[in-house]
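Here the structure comes first, spelled out in structure tokens, and everything after it is commentary.
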Amino acid sequence: TTSKMAATFVSYWSDSDNETKSHVNPEKVDPDALAHLQPLKSGKTMSLSVLNSAPEVAVKEAVETGVHLDPSLKEVTYNPTYETMFAPEFGPVNPYKSKRMAAPRNMLSGYAEPAHVNNFMFEQQRRTFSTFGYALDPFVDTSQNSSSSYIGAVDEAEKKKGLTVFEVGPKKTDKRKKVQGGEANDIDIDNYLGPWAKYVDEKDGAKPSEVEQKELDEITAKRQKKGRNGEEAPAAEKTILHVKDAYDYQGRSYLHVPQDVGINRRTADIPDKCYLPKKQIHVWSGHTKGVSAIRLFPVSGHLLLSCSMDLSVSLPPGHSKAVRDICFNNTGSQYMSAAYDRYLKLWDTETGQCISRFTNRKVPYCVKFNPDEDKQNLFVAGMSDKMIVQWDVRTGEVVQEYDRHLGAVNTITFVDENRRFVSTSDDKSLRVWECSIKYIAEPSMHSMPAVTLSPNGKWLACQSMDNQILIFGAQNRFRLNKKKIFKGHMVAGNACQVDFSPDMRQYLTIPQQNLIHII
Numbered sequence: 001t002t003s004k005m006a007a008t009f010v011s012y013w014s015d016s017d018n019e020t021k022s023h024v025n026p027e028k029v030d031p032d033a034l035a036h037l038q039p040l041k042s043g044k045t046m047s048l049s050v051l052n053s054a055p056e057v058a059v060k061e062a063v064e065t066g067v068h069l070d071p072s073l074k075e076v077t078y079n080p081t082y083e084t085m086f087a088p089e090f091g092p093v094n095p096y097k098s099k100r101m102a103a104p105r106n107m108l109s110g111y112a113e114p115a116h117v118n119n120f121m122f123e124q125q126r127r128t129f130s131t132f133g134y135a136l137d138p139f140v141d142t143s144q145n146s147s148s149s150y151i152g153a154v155d156e157a158e159k160k161k162g163l164t165v166f167e168v169g170p171k172k173t174d175k176r177k178k179v180q181g182g183e184a185n186d187i188d189i190d191n192y193l194g195p196w197a198k199y200v201d202e203k204d205g206a207k208p209s210e211v212e213q214k215e216l217d218e219i220t221a222k223r224q225k226k227g228r229n230g231e232e233a234p235a236a237e238k239t240i241l242h243v244k245d246a247y248d249y250q251g252r253s254y255l256h257v258p259q260d261v262g263i264n265r266r267t268a269d270i271p272d273k274c275y276l277p278k279k280q281i282h283v284w285s286g287h288t289k290g291v292s293a294i295r296l297f298p299v300s301g302h303l304l305l306s307c308s309m310d311l312s313v314s315l316p317p318g319h320s321k322a323v324r325d326i327c328f329n330n331t332g333s334q335y336m337s338a339a340y341d342r343y344l345k346l347w348d349t350e351t352g353q354c355i356s357r358f359t360n361r362k363v364p365y366c367v368k369f370n371p372d373e374d375k376q377n378l379f380v381a382g383m384s385d386k387m388i389v390q391w392d393v394r395t396g397e398v399v400q401e402y403d404r405h406l407g408a409v410n411t412i413t414f415v416d417e418n419r420r421f422v423s424t425s426d427d428k429s430l431r432v433w434e435c436s437i438k439y440i441a442e443p444s445m446h447s448m449p450a451v452t453l454s455p456n457g458k459w460l461a462c463q464s465m466d467n468q469i470l471i472f473g474a475q476n477r478f479r480l481n482k483k484k485i486f487k488g489h490m491v492a493g494n495a496c497q498v499d500f501s502p503d504m505r506q507y508l509t510i511p512q513q514n515l516i517h518i519i
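1 is the number of the first residue of the sequence shown in the UniProt record's numbering; add one for each residue after it.
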């Protein structure tokens, strides 16, 4: 039975032709080759030396012991033979491909090997070729071949000896000769000039030549046209009264506070509640250019004072250039105007007469009277030269100067019962001025060209140039109130004014969007 089973296993590995022949002529089986298939006799054991766990098996084809490489591998962790590395790939082969087409490639046009090229050397050769028309031959290995070979304008390269755009050729400078005189000895030491000798063609005179003098004259003429020669004369002031009569039947001027409107305009009491406007009541027209500032008459507010870019202040025009800012005194009997003609002028409100003029040769950007009743003769002005100047209208002299800003001063606001004032500037800082000056500046701060004090004197509303309205505390410690930062409008780089309602429940701003925002 065992012999038959072994014969069956042997015939299983044969093909159909051999199987047919095995029925006719059965092969003889070696009993030793089938010894491991025979069952063990009871009571007996076989040693391991007798058992063959891996007998020889007859195969038709030769067994290949080599290891094939994956052609997609980038790294090999052992050292294969040359035949293994460059053996052909398994798979079908196109017999019609040429050797060039059959060669391995990693791009459509061929095989590109990675190479490192110094960026400076590449730019040097590229610019040299663009400028001079030649460059080093990239196919020549200069490390093995000492002689440089060029492509392009080879004759030009030989003429310039391979000069690149980053190299400077030898300069031919004619050395100036010095005056020879004396010897460095005891006999002729007084006439010895040494290294301090003058050049042969050196001139002692400092007068420019004719050509240089002509150029200097042209430069001086241009500067005289651009600059201002001498102090500019102030513009002639004039007053135009636009009402029929300056006085009514009782002899009262137009500055008189009206009493027949149903409102007590002589009191400064704040109303219990303010309401938002719902419709347009009136339009004032009279300026021909943009209006730069509007101020209400003190306390009563029954008159408007406006200044414009058309050189006028309505009430009177009296500046030669655009008016930047205006300010009433406490009673409204006088007001100050600041214009781009570098003059500050004090006006009489009723007659429109210019009382006095002030200037320090700089452009005033803002002006404010001191709100204290006993200091109505003092006013401060923020100038374009980073200074804040305080004048006395009685003497016309400068009383004090503040010079800690690093840019043009945009606004001045009195706070803390008029003991201090706050200024903002183009240097993106806010400064509190008193005996001990406080300086507020953060990296995130922007210039604040418009500042308004709240009616209760506790808060400052500042229009920042990053399209925000910032609220600062105006008493004791000046700090930014981070809970009261208002966003949502565009100022477009302009000084948009901010104002509070009397009950401080709303405030309004006028951005550059043809809108009035009430918050």
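Even glycine gets a Cβ: it sits at the ideal position worked out from N, Cα and C.
If S285 and C307 are in contact, beta carbons under 8 angstroms, what's the gap, nearest whole angstrom? Stepping through the sequence shown from its first residue, residue 285 is reached at position 285. Stepping through the sequence shown from its first residue, residue 307 is reached at position 307. Actually they do not touch by this definition, with Cβ atoms about 15 angstroms apart.
Give me, in chain order, the residues of the same chain whose beta-carbon lies closer than 7 angstroms to that of G133; leave out the 5 immediate sequence neighbours on both sides. In the sequence shown, counting from the first residue as 1, residue 133 sits at position 133. Only G152, A153 and E156 meet the Cβ criterion.
Selected residue, minimal CA-CA separation from V363, among K345, D341, V380 and Q353: The count along the sequence shown starts at 1 and reaches residue 363 at position 363. Of the candidates K345, D341, V380 and Q353, the one whose C-alpha sits nearest the C-alpha of V363 is D341.
Looking at the structure shown, is Y82 part of a helix, part of a strand, or coil, going by DSSP? Here residue 82 refers to the residue found at position 82 of the sequence shown. Three-state result, Y82: helix.
Is the beta carbon of Q390 closer than 8 angstroms to that of N329? Your numbering for residue 329 matches position 329 in the sequence shown. Your numbering for residue 390 matches position 390 in the sequence shown. It is not a contact, given that the beta carbons lie outside the stated cut-off.
Whose C-alpha, out of M85, D426 and K368, is nearest the C-alpha of S464? Walking along the sequence shown from the start, residue 464 turns up at place 464. If we check each option's Cα against that of S464, D426 comes out closest.
Under 8 angstroms between C-beta atoms of M504 and P455: Along the sequence shown, one-based indexing puts residue 504 at 504. Along the sequence shown, one-based indexing puts residue 455 at 455. For M504 and P455, yes; Cβs fall inside 8 angstroms.
Endpoints, beta strand (DSSP E) assigned at V399: Taking the sequence shown and counting its residues from 1, the one referred to as residue 399 is at position 399. That run of the beta strand (DSSP E) goes V398 to Y402.
Test item: CB-CB of Y335 and W347 under 8 angstroms: Counted from its first residue, the sequence shown places residue 335 at position 335. Counted from its first residue, the sequence shown places residue 347 at position 347. Contact flag set, yes.
Per DSSP, V491 is paired with what? Taking the sequence shown and counting its residues from 1, the one referred to as residue 491 is at position 491. According to DSSP, V491 bridges with nothing at all.
Buried or exposed: where does M107 fall if 16 or more other Cβ atoms within 10 Å of its Cβ makes it buried? The residue given as residue 107 occupies position 107 in the sequence shown. M107 is exposed by the Cβ-count criterion.
Starting from V498 and walking both ways along the beta strand (DSSP E), at which residues does that stretch end? If you number the sequence shown from 1, residue 498 lands on position 498. Looking at the DSSP string, the run of the beta strand (DSSP E) that includes V498 is V498 to F500.
Check whether the segment 466–483 and the segment 412–422 touch, using three or more Cβ-Cβ pairs below 8 angstroms as the test. yes
Can you tell me the Cβ-Cβ gap for V179 and K203, rounded? I've got them flagged as a contact below 8 angstroms. Taking the sequence shown and counting its residues from 1, the one referred to as residue 179 is at position 179. Taking the sequence shown and counting its residues from 1, the one referred to as residue 203 is at position 203. No, V179 and K203 are not in contact; Cβ-Cβ is about 13 angstroms, not under 8 angstroms.
Per DSSP, what kind of secondary structure is I219 in: helix, strand or coil? Indexing the sequence shown from 1 puts residue 219 at position 219. Three-state result, I219: helix.
State the start and end residues of the unbroken beta strand (DSSP E) segment that holds A338. Translated into the one-based positions of the sequence shown, residue 338 becomes position 338. Note, A338: beta strand (DSSP E), Q334 to A339.
A461 - partner residues in DSSP beta bridges: Locating residue 461 in the sequence shown gives position 461, counting from the first residue. In DSSP, A461 forms a bridge with T452 and I471.
Taking contact to mean 3 or more Cβ pairs, one atom from each stretch, closer than 8 angstroms, check whether the segment 268–288 and the segment 248–256 are in contact. no
Reference T411; option with closest CA among P298, K321, I326 and R100: Stepping through the sequence shown from its first residue, residue 411 is reached at position 411. Minimum Cα distance to T411 is reached at I326.
For the alpha helix (DSSP H) that A381 lies in, which residues bound it at each end? The residue labelled residue 381 in the question sits at position 381 within the sequence shown. Here A381 belongs to no alpha helix (DSSP H); instead the beta strand (DSSP E) covers L378 to M383.
I believe V415 touches L460 by the beta-carbon criterion, under 8 angstroms. Please report the beta-carbon distance rounded to the nearest angstrom. In the sequence shown, counting from the first residue as 1, residue 415 sits at position 415. In the sequence shown, counting from the first residue as 1, residue 460 sits at position 460. Going by Cβ atoms, the distance from V415 to L460 rounds to 7 angstroms, so yes, they are a contact pair.
Please list the terminal residues of the continuous alpha helix (DSSP H) segment that includes S130. Position 130 of the sequence shown, counting from 1, holds the residue named residue 130. N119 to F132 is the span of the alpha helix (DSSP H), which, as asked, contains S130.
Please report the residue range of the alpha helix (DSSP H) in which D155 lies. The residue labelled residue 155 in the question sits at position 155 within the sequence shown. D155 -> alpha helix (DSSP H) spans V154 to K160.
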